[in-house]
Amino acid sequence: TDHRNAGYDKLGQGKLLKDAAIGVQDASREKRESLTNRVEKMLEIRNEFPDDHVLIWHDLEDERHAIQKAIPSSKAVFGTQELELREKLIIDFSNGEYAELSTKPRIAGSGCNFQRHCHWSIFLGIGFKFNDFIQAIHRVQRFGQKKPVRVDIIFSEAERGVRQQLERKWQQHEKLTKKMSEIIKTFGLSAQAMAGTLARGMGMDRVEIQGEHYRIVNNDTVIETAALTENSVDLIVTSIPFSTQYEYSPNYADFGHSEGNEEFFDQMDFLTPNLLRALKPGRLACIHVKDRIIPGGMTGLGFQTVYPFHMHTMNHFLKHGFAYMGMKTIVTDVVRENAQTYRLGWTEQCKDGTKMGVGMPEYLLMFRKP
Numbered sequence: 001t002d003h004r005n006a007g008y009d010k011l012g013q014g015k016l017l018k019d020a021a022i023g024v025q026d027a028s029r030e031k032r033e034s035l036t037n038r039v040e041k042m043l044e045i046r047n048e049f050p051d052d053h054v055l056i057w058h059d060l061e062d063e064r065h066a067i068q069k070a071i072p073s074s075k076a077v078f079g080t081q082e083l084e085l086r087e088k089l090i091i092d093f094s095n096g097e098y099a100e101l102s103t104k105p106r107i108a109g110s111g112c113n114f115q116r117h118c119h120w121s122i123f124l125g126i127g128f129k130f131n132d133f134i135q136a137i138h139r140v141q142r143f144g145q146k147k148p149v150r151v152d153i154i155f156s157e158a159e160r161g162v163r164q165q166l167e168r169k170w171q172q173h174e175k176l177t178k179k180m181s182e183i184i185k186t187f188g189l190s191a192q193a194m195a196g197t198l199a200r201g202m203g204m205d206r207v208e209i210q211g212e213h214y215r216i217v218n219n220d221t222v223i224e225t226a227a228l229t230e231n232s233v234d235l236i237v238t239s240i241p242f243s244t245q246y247e248y249s250p251n252y253a254d255f256g257h258s259e260g261n262e263e264f265f266d267q268m269d270f271l272t273p274n275l276l277r278a279l280k281p282g283r284l285a286c287i288h289v290k291d292r293i294i295p296g297g298m299t300g301l302g303f304q305t306v307y308p309f310h311m312h313t314m315n316h317f318l319k320h321g322f323a324y325m326g327m328k329t330i331v332t333d334v335v336r337e338n339a340q341t342y343r344l345g346w347t348e349q350c351k352d353g354t355k356m357g358v359g360m361p362e363y364l365l366m367f368r369k370p
């Protein structure tokens, strides 16, 4: 690095030394000014084993031109080529039909398999993007590689800070992979291990917390409600599970652990009579519900439909003796809903407007004990 042209900082003060780690502009300038020296170093490294196949990574178009000029026998894969040509060049190098390939990590750094005929990578430059860097290395360091992998990184004196940042990210990457390996060793990924981890249970330990004006109980709601004194509750406010949409725990008694909507309301038959029994006459039970979107693959219709969960809930509570008093609509964010289902957007409207539905509000159903 020639520090005589270190330049000036944003305050106009002259710099004593170049430092490519300070910013993107400094890094780009250093890459341009050090290109000739880096190419010379690349040739020196390449000539150590001239018969070996080598993968040369670069980031700039100027670097690609310099590589092709320095190594005329090399092949280059770049973005403006025809897709068929890029594909052929990559496959031919994978099959060992030529010895040198130069390309960018963002073009061939993911998905390619070069390990059968290549165990050597040369990075003509260095950058801050660790993911591109590590993915490029794994094009040769992967399953099926029969030789020790060699990686050469060419950088200037002013880019030592960039190298330090890259090494720091590599250490974090190793810690992450080590932790993930420990988790897999502990819990496993096999179906048998998963079945053991997700084994269903029965029952639970009752927990009660009581204060001057409150009593909180964590227990099976059917068992706890059955133990309530008759005509002792002034108001019921609850959000029942929306049939089979969610499963809250790996327990056989979980209301979400139902094969279908009929089975869900069969479970509710054990709860609702005791809600009516415990509620004082003339008092309200307020039940929060929401209708559910049913994918076309589950119904065989080929398009999404709506299961009117709030209607079935109304019929269920009426069946058990509650008097229906009315319903409040709770407006929800349609934009957020569409981000999850992709069924309300303009794209779907253009495909087939006849199957378009509406946003799904929530409801508060109000029942009174006679």
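The sequence shown begins at 1 in my numbering and counts up by one. Using N, Cα and C, we set each Cβ at its ideal position, and we do this for glycine too.
- Remark: C-beta atoms of Ala70 and Leu35 do not approach each other more closely than 8 Å.
- Annotated three-state conformation of Ser156 is coil, per DSSP.
- Less than 8 Å divides the Cβ of Lys290 from the Cβ of Glu362.
- If you look at Ser102, you'll find it in the beta strand (DSSP E) that goes 100 to 103.
- Along the length of the segment 280 to 326, whole alpha helix (DSSP H) runs at least 4 residues long occupy 296 to 299, 309 to 319, reported in chain order.
- The three-state secondary structure of Asp254, taken from DSSP, is coil.
- With contacts defined by Cβ atoms closer than 8 Å, Gln245 and Phe255 do not form a contacting pair.
- Ser94: member of the alpha helix (DSSP H) spanning 83 to 94, first to last residue.
- Lys169 is positioned such that its CB atom lies no closer than 8 Å to that of Phe123.
- Of the candidates Phe143, Gly125, Lys31, Gly297, the residue whose Cα lies closest to the Cα of Gly111 is Phe143.
- Taken atom to atom, the span from the alpha-carbon of Ile287 to that of His310 is near 9 Å.
- DSSP places Gln141 outside both helix and strand once states are collapsed to three, so it counts as coil.
- Scanning its chain for C-beta atoms nearer than 8 Å, with the 5 sequence neighbours on each side dropped, one finds around Ile154 the residues Arg38, Lys41, Met42, Ile45, Ile122, Phe123, Leu124, Gly125, Ile126, in chain order.
- By the neighbour-count definition (other C-beta atoms within 10 Å, threshold 16), Gly282 is an exposed residue.
- DSSP places Leu276 in the helix class (H, G or I) of the three-state scheme.
- As computed with DSSP, Gln210 is found in a beta bridge with Arg215.
- Judged by pairs of C-beta atoms under 8 Å, the segment 155 to 162 does not touch the segment 82 to 100, as fewer than three such pairs exist.
- Taking C-alpha positions only, Gly79 is separated from Gly260 by approximately 52 Å.
- In this structure, the beta-carbon distance from Met327 to Leu284 does not fall below 8 Å.
- Put simply, the segment 55 to 69 does not touch the segment 170 to 182. Fewer than three CB pairs are less than 8 Å apart.
- Taking the C-beta atoms as reference points, Met325 is found no nearer than 8 Å to Arg277.
- CA-CA distance, His257 to Ser243, rounds to 9 Å.
- Within the same chain, and ignoring the five residues on either side of Thr299 in sequence, the residues whose Cβ sits closer than 7 Å to its Cβ are Thr305.
- If you draw a straight line from the Cα of Val54 to the Cα of Asn47, it comes to about 11 Å.
- Here Lys104 is buried. Its C-beta has 16 or more other C-beta atoms within 10 Å.
- Glu100 counts as buried, since at least 16 other C-beta atoms from the protein chains shown sit within 10 angstroms of its C-beta.
- Remark: C-beta atoms of His312 and Thr272 do not approach each other more closely than 8 Å.
- CA-to-CA, the gap between His138 and Lys179 works out to about 20 Å.
- Straight-line measurement puts the Cα of Val151 at about 6 Å from the Cα of Trp120.
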